Structures are given as C-alpha cells and as structure tokens.
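> The opening residue of the sequence shown carries number 54 in the working numbering; numbering runs sequentially from there.
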Amino acid sequence: MSNEQTQAFQAENERLAELANRDAVERAAPHQDLVPQIWLSSQPDAGAELSFAPAGTGFALRMDTAGHSPWVSLSWTIDFETLRAGRYVGMIAQVVSDGFFAARPCLRLLRKDAFHDTFAPQHMASSGGAHLLQSHIPIPPDVMGDSHGAEIHLFFSGNTFSVRFDRLETLLMR
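Here it is in structure tokens:
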C-alpha cells in the first residue's frame, strides 16, 4: 500500500485516529456522535447495546446484543471530491477480537432524495485474536454524477462481539 493511498483521505484518517482520545460511551444512543463526522448507528428502539472506549492507539467496541436492529454500524464521512479520483475506496483495520467478529464495509453515496449503497464483495472477518483486515469497494461511476456526498459504513454482523481497533484507515485506489 502506498503512502499516496492513505494520504488521499488524510483528514478522515486523522479523525479516525482521534477516536483514541474520545471519552468512553457505555451505552451508545441509536445515533451516537463520537468525534466530528464519525458516529455509531442502530435502529432507534430496537434494543441494540453497543459501547465504545478508547484503547491504546485506537478504540474498542463491544456489542452485548443487536436487539432487533436490522443494522448496527460505525460510520464516517469521506471527501466526495477525493472519491472522484479513484476506482476503489478501501479500508484497512488492525483488530484484536475476543472471538468471531465481522463487518461488511459499504460506500454510501448521498443523492438529492435518497442514497446509493455499494457493498464490499466480502466481509472483513476475524475468528479471534489479532488480524490485519483489508477490504475494497468499487466506486460506481454511473452514480457519482447524481451524488453530492459520501460515507463509509462498517455494518456489523452477528448479535454480539468485542473488538479493539488498533488501526483503521480509509484508502483511495486509482
């Protein structure tokens, strides 16, 4: 991976690194802002129980239950104009999980009255222990013209997990 790939989203990666300095949240609200332009999300009143804590150079997430929420995610905005210069947007995560952990990355393009989701072909998954996880999502050129913004969502799989992110970065692949 080149320095150019990680530098394209330098501001976004600096915000992700800032999560190491944020106060812990024992029970996240259905929309819980963590730092500017980064948030946790689940369906309101669906019973998801998610907590956040700074951990060393990164942060830890624990989900005690997904409840009945159809989604639970960690999400952040990315620069739309930077995205235009690439063919793929990627994620790299250095994680340590207590057991099974999986998330499916999604590129969400914001449109006038809706949004368009493009999912990574595969989940980022760990069977437990330390793992370097990587993923990429094709940037759909046919949707870019009608869009005005972009977000990355890590949609978590399963009903429970405990994971520490020692590194989480967004990449641009040309």
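Glycine residues also receive a C-beta, built at the ideal position from the N, C-alpha and C atoms.
Since we're looking at a predicted model, the values are computed, not measured.
Whole-angstrom Cβ separation of arginine 75 and proline 107, contact assumed at under 8 Å?
Yes, arginine 75 and proline 107 are in contact; Cβ-Cβ is about 6 Å, under 8 Å.
> Is DSSP giving aspartate 170 helix, strand or coil here?
If DSSP states are grouped into helix, strand and coil, aspartate 170 belongs with the strands.
> Quick check on the burial criterion: 16 or more other C-beta atoms within 10 angstroms. Buried or exposed for glutamate 67?
Looking at its Cβ environment, which holds fewer than 16 other Cβ atoms inside 10 Å, glutamate 67 is exposed.
> Do phenylalanine 218 and methionine 116 come within 8 Å of each other at the CB atom, strictly closer than that value?
No, these two residues do not count as a Cβ contact at 8 Å.
> Are glycine 152 and glycine 181 closer than 8 Å when you measure CB to CB?
A contact, by the Cβ cut-off of 8 Å.
> Are the C-beta atoms of alanine 82 and some chain D residue less than 8 Å apart?
Annotation note: the requested chain D is absent from the structure, which comprises a single protein chain.
> Can you have a look at leucine 72 and say buried or exposed, based on whether 16 or more other CB atoms are within 10 angstroms of its CB?
By the neighbour-count rule (16 or more Cβ atoms within 10 Å), leucine 72 is buried.
> Provide the residue(s) that pair with alanine 64 in DSSP beta bridges, ordered along the chain.
Partner(s): none; alanine 64 has no beta bridge.
> Pick helix, strand or coil for threonine 118, following the three-state DSSP scheme.
Looking at threonine 118 - three-state DSSP - the assignment turns out to be strand.
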